[in-house]
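Notes for the one structure printed next.
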Amino acid sequence: MPINYYIFLSLALFAIGIVGVLIRRNAIIVFMCIEIMLNAANLLLVAFSKMHHLQQAATQASAGTDGQIFVFFIMVVAAAEVSVGLAIIVMMFRNVHSIDINFLNRLKH
8 MPINYYIFLS LALFAIGIVG VLIRRNAIIV FMCIEIMLNA ANLLLVAFSK MHHLQQAATQ
68 ASAGTDGQIF VFFIMVVAAA EVSVGLAIIV MMFRNVHSID INFLNRLKH
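Have a look at this one:
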């Protein structure tokens, strides 16, 4: 499969994530859109790693797992980010009874 398909799919996922972060006001949906953007970057890392491995398959004995290792670390960081973010959202909902992001601006004063 050509690399262009992976690039277009990743670009579409990243664009959906950006639109979701900028338009939506629900904190949980914003976190989901951030995860979509991280997965788009992961898809590109794996696709380019696979492409690089296929180009150098004759000279290297490795299996081309560099991209997969980076993706694993990104997924670990994303899981930590989601756990902390959801804890903040739960505490905000307990205190305010809303998960609207615009309400956070009122907490500054």
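For the sequence shown, the working numbering gives the first residue as 8, with consecutive numbering after it. Even glycine gets a Cβ: it sits at the ideal position worked out from N, Cα and C.
Could you give the distance in angstroms between the alpha-carbon of residue i and the alpha-carbon of residue j?
i, j, result
"Ile81", "Cys40", "15 Å"
"Ala94", "Ala87", "11 Å"
"Ala19", "Pro9", "16 Å"
"Val83", "Arg101", "27 Å"
"Ser90", "Phe21", "22 Å"
"Asn49", "Val26", "19 Å"
"Val28", "Phe110", "16 Å"
"Gly92", "Asn11", "34 Å"
"Ile30", "Phe38", "13 Å"
"Met98", "Met58", "44 Å"
"Ile136", "Asn33", "The first residue shown for the chain is 8 and the last is 116, placing residue 136 beyond what the model contains."
For a quick check, are the C-beta atoms of residue i and residue j less than 7 Å apart?
i, j, result
"Ile108", "Ile96", "no"
"Leu52", "Val78", "yes"
"Ala47", "Tyr13", "no"
Below 8 Å on the Cβ atoms is my guess for residue i versus residue j; work out the distance and round it to an integer in Å.
i, j, result
"Gly24", "Ile36", "About 11 Å; that fails the 8 Å criterion."
In chain order, what residues of the same chain have a beta carbon less than 7 Å from the beta carbon of residue i, not counting five sequence neighbours either side?
i, result
"Leu45", "Ile81, Ala85"
"Leu16", "Leu50"
What runs of the alpha helix (DSSP H), each 4 residues or longer, lie entirely inside the stretch 41 to 110? 73 to 103
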